[in-house]
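> This is the structure I want to talk about, given as structure tokens.
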Amino acid sequence: MAAKKTQRQAVLSELNRVTGESTASLLRELLAHLRENRTQLREEWARRITEAQLLTAMTKEEIFAEATSIYDNYVDVLETGSVEALQAYARNLSERIIPRGVETHEVLGIVLLLRDVLARSLFKKYQTDLGLLNRVLDAYEPAANRIANTVAVGFVQERERIIREQQEAIRELSTPVLPVRERLLILPIIGVIDPQRARQLTEQLLRGIRTNRAKVVVMDITGVPTIDSTVANHLVQTVESARLLGATVIVTGLSPEIAQTLVTVGVELGKMNTVGDLRGGIEEAERLLGYKVQPIGEAAQPA
Amino acid sequence: MVVPILKQGQYLIASIQAALTDADLLKMRDALVDQVGRFRSRGVIVDVTALDVMDSFAARTLSDIANMIRLRGAETVIVGIQPEVAFSMVQLGLKLESVATALDLEEGLAFLDQKTRRINRVSSPSTR
């Protein structure tokens, strides 16, 4: 029984070796074919890219130059089977072309076109021997698919990286904490507040109170279109935390919609100090801080 | 760990240096309530800058202290709550609603000065 098993294993491994060898030799043949017809296939590919109206943001010469380097990379990957170089190239390519407005479907489109162009040339070359063609395609297709996959994924990842960076930048820009007078901070909020932004806002506000030694903070939400109950509760908590640090928060610019939502969802607003608009909020803050602002003319007149 | 209580003019300052056990907190409470009468203090400052956690017992003890001190005729102010501590306290519902708070010791002293000045003015007719 055991002897039979080892015998079978030996046969299997021999079979594997033979087919593996033949795949490798087929791949070698394939590569030779691709290198031989480099100029012609490349031109064919560039022509089809233009025909399909892909990469419209680039000039013909640029397309051809990119096509050449992608082609060479492509052949290299087919030869070595290592996608790392291609990944690096795809990242580099994405960095260059994303700012020029190249879309995902275009990048995917050109890689698939190259796959088609090469496959067509293989059909042509082996049209007389269907069995051989089948085996060549067996060797070619998985590698080609992996390449298309790698390039597309690289492109999408680069895009996502850019989007993440921009989100981060927008977040940082979106919640400035402005010291307008000694011990008075203004916190203008513009745009929708999602839970993450609300957390960041709290953090910045509390840290701002510490660093500026603020006594009064005016939080202006004129630019906030809507608010949900989670965020509203978070705001109330922020106001209460600020009080624990010894600062008073005045909320200004609640729109009619927000006022209605807050009352409808029953957010506990008793502790919230609200004033109609930013101007009124600053006046109230000045009163709390003991400032008195008056026109120069009035101040100059003797009492 | 015993909390040192310093007498500074009309005020008592309890400066917490490290995390306290519940027993330490109660000891601090008893000492403050006792000394505020003994020294005829006008105000008490509890400095919690060194605390990076505030549990419900600590928060309740602080508000107990404030209420007891009020009954003994003085004002209490809690100073130096860290921003992270403040937010987690609010999330836990420990809002210290009846207690005055200030940013740091300096602010706390200014707050008490203002409070007691008001009392002085009201109580002594000569300044009116």
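Residue numbers (my numbering), protein chains in the order written: chain A, 1 to 303; chain B, 304 to 431. Think of the CB as a built atom: it goes at the ideal place given N, C-alpha and C, for glycine as much as any other residue. No experiment lies behind these values; they were computed from the predicted model shown.
If you follow the alpha helix (DSSP H) that MET371 (chain B) is part of, which residue opens it and which one closes it?
If you number the second sequence from 1, residue 371 (chain B) lands on position 68. That run of the alpha helix (DSSP H) goes 359 to 374.
> How far does the beta strand (DSSP E) with ALA317 (chain B) in it extend, from its first residue to its last?
Taking the first residue of the second sequence as position 1, residue 317 (chain B) is located at position 14. Segment 314 to 318, the beta strand (DSSP E) holding ALA317 (chain B).
> So that I know if they touch, is there some Cβ in chain B lying closer than 8 Å to that of ARG287 (chain A)?
Locating residue 287 (chain A) in the first sequence gives position 287, counting from the first residue. Answer no: the Cβ-Cβ gap between ARG287 (chain A) and chain B never drops below 8 Å.
> Taking 8 Å as the cut-off, decide whether the C-beta atoms of VAL111 (chain A) and TYR126 (chain A) are in contact.
For the purposes of this step, residue 111 (chain A) is identified with residue 111 of the first sequence, where counting begins at 1. For the purposes of this step, residue 126 (chain A) is identified with residue 126 of the first sequence, where counting begins at 1. No; because the gap between Cβ atoms is not below 8 Å, this pair is not in contact.
> Counting only runs of 4+ residues fully inside the segment 60 to 138 of chain A, write out the alpha helix (DSSP H) ranges in chain order.
The qualifying runs are 60 to 80, 84 to 97, 104 to 125.
> Return no unless some Cβ of chain B is closer than 8 Å to the Cβ of GLY246 (chain A).
As a working note, residue 246 (chain A) is residue 246 in the first sequence. Closer than 8 Å to some Cβ of chain B, the Cβ of GLY246 (chain A) qualifies, so yes.
> Taking only beta-carbon positions, decide if LEU365 (chain B) is within less than 8 Å of chain A.
Numbered from 1 along the second sequence, position 62 holds the residue referred to as residue 365 (chain B). Output row for LEU365 (chain B): interface = no.
> Tell me the DSSP secondary structure of LEU206 (chain A) in three-state form.
To locate residue 206 (chain A), count along the first sequence from 1; it is residue 206. LEU206 (chain A): helix per DSSP, three-state reduction.
> Counting only C-beta atoms, is LYS418 (chain B) closer than 8 Å to chain A at any point?
As a first step, residue 418 (chain B) must be located in the second sequence, where it is residue number 115. No, no contact with chain A.
> Any C-beta of chain B within less than 9 Å: which residues of the segment 209 to 233 of chain A qualify?
Correct list: ILE209, ARG210, ARG213, ALA214, LYS215.
> If we require 4 or more residues per run, which alpha helix (DSSP H) segments fall completely within the segment 207 to 287 of chain A?
Listed in chain order, the complete alpha helix (DSSP H) runs (minimum 4 residues) inside the segment 207 to 287 of chain A are 229 to 244, 256 to 265.
> Using C-beta distances below 6 Å, list every residue in its chain close to GLY223 (chain A), excluding the 5 sequence neighbours before and after it, in chain order.
Your numbering for residue 223 (chain A) matches position 223 in the first sequence. These residues qualify, in order along the chain: ILE190.
> How would you write the range of the alpha helix (DSSP H) that LYS330 (chain B) sits in, first residue to last?
The residue labelled residue 330 (chain B) in the question sits at position 27 within the second sequence. LYS330 (chain B) -> alpha helix (DSSP H) spans 325 to 341.
> Would you kindly report the start and end of the unbroken beta strand (DSSP E) that includes GLN394 (chain B)?
For the purposes of this step, residue 394 (chain B) is taken as residue 91 along the second sequence, with counting starting at 1. Per DSSP, GLN394 (chain B) belongs to no beta strand (DSSP E); it is in the alpha helix (DSSP H), 386 to 394.
> Below 8 Å between beta carbons is the criterion; list the residues of the segment 307 to 339 of chain B that meet it against any residue of chain A, in chain order.
Those would be none; no residue qualifies.
> Tell me whether ASP277 (chain A) is buried or exposed, calling it buried when 16 or more other Cβ atoms sit within 10 Å of its Cβ.
Counting from one through the first sequence, the residue named residue 277 (chain A) turns up at place 277. Exposed, because fewer than 16 other Cβ atoms sit within 10 Å of the Cβ of ASP277 (chain A).
> Going along the chain, which residues of its own chain have a beta-carbon closer than 6 Å to the beta-carbon of LYS418 (chain B), five neighbours each way excluded?
Residue numbering aside, residue 418 (chain B) sits at position 115 when the second sequence is read from its first letter. GLU378.
> Taking the beta strand (DSSP E) that GLN53 (chain A) falls in, what are its first and last residues?
If you number the first sequence from 1, residue 53 (chain A) lands on position 53. Taken as a continuous stretch (DSSP letters only), GLN53 (chain A) belongs to no beta strand (DSSP E), as it is neither H nor E.
> I want to verify the contact list: residues of chain C whose CB lies under 9 Å from the CB of THR202 (chain A), in sequence order.
In summary, chain C is missing from the structure at hand, where the protein chains are A and B.
> Quick one: list the residues of chain A neighbouring ALA405 (chain B), beta-carbon separation under 7 Å, in chain order.
Taking the second sequence and counting its residues from 1, the one referred to as residue 405 (chain B) is at position 102. GLY246, listed in chain order.
> What did DSSP end up calling THR404 (chain B) once you bin it into helix, strand or coil?
Reading the second sequence from its first residue, position 101 is the one you call residue 404 (chain B). THR404 (chain B) falls in the strand class under three-state DSSP.
> Pull up the CB-CB distance for VAL177 (chain A) and LEU185 (chain A), whole angstroms please, since I reckon it's below 8 Å.
Mapped onto the first sequence, residue 177 (chain A) falls at position 177. Mapped onto the first sequence, residue 185 (chain A) falls at position 185. Indeed, because the Cβ distance is near 6 Å, the residues count as touching under 8 Å.
> Tell me which residues share the same chain as LEU205 (chain A) and place their Cβ nearer than 7 Å to its Cβ, disregarding the 5 neighbours each side in the sequence.
Reading the first sequence from its first residue, position 205 is the one you call residue 205 (chain A). Within the same chain, LEU205 (chain A) has close Cβ partners VAL177, LEU187, VAL217, THR238, ALA242.
> Answer yes or no: does any C-beta atom of chain B fall closer than 8 Å to that of LEU206 (chain A)?
Residue 206 (chain A) sits at position 206 when you count from the first residue of the first sequence. Answer yes: the Cβ-Cβ gap between LEU206 (chain A) and chain B drops below 8 Å somewhere.
> Comparing the C-beta of GLU182 (chain A) with each C-beta of chain B, is any distance below 8 Å?
By 1-based counting over the first sequence, the position of residue 182 (chain A) is 182. Output row for GLU182 (chain A): interface = no.
> Applying the criterion that 16 or more other CB atoms from any shown protein chain within 10 Å of the CB defines a buried residue, is THR226 (chain A) buried or exposed?
Numbered from its first residue, the first sequence carries residue 226 (chain A) at position 226. It counts as exposed.
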